[in-house]
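The block underneath contains the structure these notes are about, expressed in structure tokens.
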Amino acid sequence: MNKLDKILLSVEKPARYIGGEYNAPKADWKKLNYCICFPDVYEVGMSNLGIRIVAESLRTVDGVYVDRCFAPWRDYGEQLKENDIPLYALSTKRPLKDFDMIGFSLGFEMCYTTVLYMLDLAKIPLRSADRGDEYPIIQAGGPCAVNPEPMAPFFDLFVIGDGEEIMAELAKLKLATKTKNEFLEKASELDGVYVPALMEVKYDDNGLIEGFGGKTKVKKAVCRDLDNAVFPHKMPVGNIEAIFDRAVIEVMRGCPRGCRFCQAGFLYRPIRQRSVEHLTEQAVCLVRSTGFDELSLNSLSTGDYPKLKELLKELKANLPDTKIALPSLRIDSFDGEFIEQSRKSSLTFAPEAGTQRLRDVINKDISEDEVERSVKIAFEKGYSSIKLYFMMGLPTETDEDLDGIADIVFKIKDVYSANPKYARNLRISVSVSTFIPKPFTPFQWERQITREEFEHKVKRLKEKLFVKGVTFSWNDFSLSELEAVLARGDRRVADVIEKAYKKGSFLDSWSECLKADKWFEAIDECGLKISSYTRERGEDEILPWDFIDLIVTKDYFLKERKKAYSGEVTGSCFKGCKGCGVQKEFKCDRC
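Take the sequence shown: its letters are residues 294 to 884, numbered as in this note's numbering.
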């Protein structure tokens, strides 16, 4: 028995670390070797579609081998350190530092210290400036890359936008260049690539950004045609059950709605759809190659896919024994036919705000009548468990808006109790999260509420929702506050991230691992203030992410902010172009 075998016998869920899954890539060391790293545990990463698409893109390039690595849980990480075993890739078991390129997927701000944890376990210097040609090129992509600055010192480059085409281009470029500097210089000329070492940030005496030097504009990469883009027709089947243990296809990218708090809705513009023909082919290939009995139709707003009923009909004909999961169904696209397709123990609705006034402010174009209609359909289909999601701390929010959350709950209870044929065991779960003003949204200039405001709002809601059959949960304010700092941070926040990691913070997206006090210590020791990042920003202020061009214009965000404060709703893109700026370069599927 070798050293690794002994370690595996001493840790929780050892199957996370052995590789060899059904459909997993075979170990085949080539001219260029790339490892995709996911900064969370195996069962979370195995559910991620994005890293599978990136792997498929890289495999289209001759001479490229792609492996995977997930963050070890604390017990296995400790064993690797104690036994002087560097973090390795799953299939080859080769140390990460042996690879030519390593790519991290940044899907959530609280994964940042876990990136450092993985680099540290791999015996790779944390900062790009400390890594010479003998180390891999370290890059990052994913939703959080739209504000790369808090993590800029740790990465050689960032991929901004869609990865299908740019990842293959970067692999080809790496094969054609000899040194790290040559590669980075040429990579920086490509749309969608940001090289932090080639841009300087200048601050004024008040600590505000004064300007940028060097390469000061990075335009995001856009995959124009999803039907002809790479997509994995098979996927590794996990050694242990994944968080979402099913086959996944992406029906549409982007969202036509324009909710003003939603970063993803603007990040993934223009809206692009896959055809029913291609989706059916992908679904059949995935289900037959994996044996999964469930298929998820993913997008930001699956109910808005114009040919959803046609697609469901084709899937039922071709995969009659496969359960279809429909996430992200909006209340106004909800009907009984969709419930029949996707049977769950409970149904989830996200009104987001308690009153029509506030829903208009955030551009959540949903009425209470639509909520009532939807729950009636659900009750008729036999459901007696409803989950409701709201936010608190939204711009212009008042106590009356909070009370509106309780009003919606009571209306749902009234609908249920009004029909004697329903069982008398209705369960309503109300979950409320704190609003975080994210970059590249109309609310990117807003402030986040204070802890005192948070405590007042939670207390009020607890009193209003103390009702039989209703459970109320809320988020950890410290987590929301830290997420705001990381989401809205500048390059100086990198020092905080590194210091927090060295104080023992990593795997922070897990509540049992989050050490908020260590983060707050790190912020204080770095001479920064949380309020500097959670405050309201001036509309003429230079923002840390202003050098990124997401194609949606800043003028559009400003107009939407103004409309929010006047309570004016912007309709769906599917009902006519709203002039966000995308149409100047790209034709949306519905423009």
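Even for Gly, the Cβ is constructed at its ideal location relative to N, Cα and C.
Exercise. From the DSSP output, read off the bridge partner residues of residue 680.
Key: Position 387 of the sequence shown, counting from 1, holds the residue named residue 680. For residue 680, which the question treats as bridged, DSSP gives the partners 641, 722.
Quiz item: Count the other CB atoms within 10 Å of the CB of residue 561; is the residue buried (16 or more) or exposed (fewer)?
Solution: Sequence index remark: in the sequence shown, residue 561 carries index 268 (1-based). Buried is the call here.
Quiz item: What's the gap between the Cα of residue 669 and the Cα of residue 644?
Solution: To locate residue 669, count along the sequence shown from 1; it is residue 376. To locate residue 644, count along the sequence shown from 1; it is residue 351. Taking the straight line joining both Cα atoms gives about 16 Å.
Quiz item: Roughly how many whole angstroms lie between the Cα atoms of residue 761 and residue 754?
Solution: The residue you call residue 761 lines up with position 468 of the sequence shown. The residue you call residue 754 lines up with position 461 of the sequence shown. Using only the alpha carbons, I get a separation of about 15 Å.
Practice problem: With distances taken Cα to Cα, identify the nearest neighbour of residue 799 among 410, 384, 863, 358. | Solution: On the sequence shown, position 506 is the one that residue 799 refers to. Cα-wise, what sits closest to residue 799 is 410.
Quiz item: Roughly how many angstroms separate the alpha carbons of residue 334 and residue 340, rounded to a whole number?
Solution: Mapped onto the sequence shown, residue 334 falls at position 41. Mapped onto the sequence shown, residue 340 falls at position 47. When the Cα atoms are used, residue 334 and residue 340 turn out to be separated by approximately 11 Å.
Quiz item: Just the Cα atoms here: how many angstroms apart are residue 313 and residue 486?
Solution: Looking up residue 313 in the sequence shown gives position 20. Looking up residue 486 in the sequence shown gives position 193. Annotation: residue 313 to residue 486 spans about 33 Å, alpha carbon to alpha carbon.
Practice problem: Check the C-beta distance from residue 577 over to residue 464 and give it rounded, since I have them as a contact under 8 Å. | Solution: The residue you call residue 577 lines up with position 284 of the sequence shown. The residue you call residue 464 lines up with position 171 of the sequence shown. 29 Å between Cβ atoms; not a contact.
Quiz item: Roughly how far, in whole angstroms, is the beta-carbon of residue 676 from the beta-carbon of residue 724, given that I think they are within contact range, below 8 Å?
Solution: Mapped onto the sequence shown, residue 676 falls at position 383. Mapped onto the sequence shown, residue 724 falls at position 431. Incorrect: roughly 17 Å between the Cβ atoms, too far for contact.
Quiz item: So what does DSSP say about residue 565, is it helix, strand or coil?
Solution: Numbered from its first residue, the sequence shown carries residue 565 at position 272. Strand, per DSSP.
Practice problem: Please report how far the alpha carbon of residue 449 lies from the alpha carbon of residue 609, in whole angstroms. | Solution: One-based indexing of the sequence shown puts residue 449 at position 156. One-based indexing of the sequence shown puts residue 609 at position 316. Whole-angstrom Cα-Cα distance: 46 Å.
Practice problem: Using the Cα positions of residue 458 and residue 874, report the straight-line distance between them to the nearest angstrom. | Solution: Your numbering for residue 458 matches position 165 in the sequence shown. Your numbering for residue 874 matches position 581 in the sequence shown. Distance between the alpha carbons of residue 458 and residue 874 is about 22 Å.
Quiz prompt | Beta-carbon proximity check, residue 390 vs residue 417, cutoff 7 Å | solution = Locating residue 390 in the sequence shown gives position 97, counting from the first residue. Locating residue 417 in the sequence shown gives position 124, counting from the first residue. Going by C-beta atoms, residue 390 is nearer than 7 Å to residue 417.
Practice problem: Can you tell me which of the three DSSP states residue 294 falls into? | Solution: What you label residue 294 is simply residue 1 of the sequence shown in a count that begins at 1. Confidence at residue 294 is low in this model, with a pLDDT of 48, below 50, so its placement is unreliable and the value that follows should be read with caution. Coil.
Self-check item: Burial state of residue 330 (16 or more Cβ within 10 Å)
Solution: In the sequence shown, counting from the first residue as 1, residue 330 sits at position 37. With 16 or more other Cβ atoms within 10 Å, it is buried.
Quiz item: Thinking just about the alpha-carbon of each residue, which of 722, 720, 477, 437 is nearest to the one in residue 425?
Solution: Position 132 of the sequence shown, counted from the start, is the residue given in the question as residue 425. If we check each option's Cα against that of residue 425, 477 comes out closest.
Exercise. Write down every uninterrupted run of the alpha helix (DSSP H) in the segment 768 to 802 whose length is 4 residues or greater and which is fully enclosed by it, in chain order.
Key: Given a length threshold of 4 residues, each whole run of the alpha helix (DSSP H) inside the segment 768 to 802 is given here in chain order: 770 to 780, 786 to 795.
Practice problem: Could you say if the segment 682 to 700 and the segment 610 to 620 meet the contact criterion of at least three C-beta pairs nearer than 8 Å? | Solution: No, the segment 682 to 700 is not in contact with the segment 610 to 620.
Self-check item: Neighbourhood of residue 307 by C-beta, 7 Å cutoff - its chain only, sequence neighbours within 5 removed
Solution: Looking up residue 307 in the sequence shown gives position 14. Around residue 307: 301.
Practice problem: May I ask you to list the residues that DSSP assigns as paired with residue 430? | Solution: The residue given as residue 430 occupies position 137 in the sequence shown. Bridge partners of residue 430: 394.
Quiz item: Counting only beta-carbon atoms, is residue 605 nearer than 7 Å to chain B?
Solution: The chain inventory of the structure shown lacks chain B, comprising one protein chain alone.
Quiz prompt | Close beta carbons around residue 765, own chain, < 7 Å, minus the five adjacent residues each side | solution = In the sequence shown, the residue the question calls residue 765 occupies position 472. So the list reads 723, 754, 755, 758, once near-sequence residues are dropped.
Quiz item: Using the beta-carbon count (16 or more within 10 Å), is residue 322 buried or exposed?
Solution: Along the sequence shown, one-based indexing puts residue 322 at 29. Counting Cβ neighbours within 10 Å, residue 322 comes out exposed, since fewer than 16 surround it.
Quiz item: In chain order, which continuous runs of the alpha helix (DSSP H) of length 4 or greater are located wholly inside the segment 339 to 421?
Solution: At a cut-off of 4 residues, the continuous stretches assigned as alpha helix (DSSP H) that sit fully inside the segment 339 to 421 are 342 to 351, 367 to 375, 405 to 414.
Practice problem: Decide yes or no for the touch test of the segment 861 to 871 against the segment 544 to 553: beta carbon pairs closer than 8 Å, at least 3 of them. | Solution: Taking a cut-off of 8 Å for Cβ pairs, the segment 861 to 871 and the segment 544 to 553 touch, as three or more such pairs fall below it.
Quiz item: Hey, is the segment 561 to 576 in contact with the segment 733 to 745, meaning 3+ C-beta pairs nearer than 8 Å?
Solution: No, because fewer than three Cβ pairs between the segment 561 to 576 and the segment 733 to 745 fall closer than 8 Å, the two stretches do not touch.
Quiz item: If we count Cβ pairs, one from each stretch, closer than 8 Å, do we get three or more for the segment 703 to 716 versus the segment 767 to 785?
Solution: Put simply, the segment 703 to 716 does not touch the segment 767 to 785. Fewer than three CB pairs are less than 8 Å apart.
Self-check item: Neighbour-count burial assignment, residue 797, 16 or more Cβ in a 10 Å radius
Solution: Residue numbering aside, residue 797 sits at position 504 when the sequence shown is read from its first letter. Counting the other Cβ atoms within 10 Å of the Cβ of residue 797 gives fewer than 16, which makes it exposed.
Exercise. State buried or exposed for residue 303, treating a residue as buried only when at least 16 other CB atoms are found within 10 Å of its CB.
Key: Residue numbering aside, residue 303 sits at position 10 when the sequence shown is read from its first letter. Counting Cβ neighbours within 10 Å, residue 303 comes out exposed, since fewer than 16 surround it.
Quiz item: Excluding five sequence neighbours on each side, which residues of the same chain lie with their C-beta closer than 6 Å to the C-beta of residue 326?
Solution: Stepping through the sequence shown from its first residue, residue 326 is reached at position 33. So the qualifying residues of the chain are 358, 392, 393.
Practice problem: Spatial neighbours of residue 421 within its chain, please: CB distance less than 8 Å, with the 5 preceding and 5 following residues excluded, ordered by chain position. | Solution: As a position in the sequence shown, residue 421 is number 128, starting the count at 1. Same-chain partners within the cutoff: 431, 446, 447, 448, 449, 489, 490.
Practice problem: In angstroms with no decimal places, state the Cα-to-Cα distance between residue 268 and residue 734. | Solution: Residue 268 lies beyond the stretch modelled for the chain, which goes from 294 to 884, so this question has no answer here.
Exercise. Take the Cβ of residue 455 as the centre, count every other Cβ of all protein chains shown within 10 Å, and call the residue buried at 16 or more, exposed below.
Key: Numbered from its first residue, the sequence shown carries residue 455 at position 162. So residue 455 ends up on the buried side.
Exercise. Determine the burial state of residue 667: buried for a count of at least 16 other Cβ atoms within 10 Å of its Cβ, exposed for fewer.
Key: What you label residue 667 is simply residue 374 of the sequence shown in a count that begins at 1. With 16 or more other Cβ atoms within 10 Å, it is buried.
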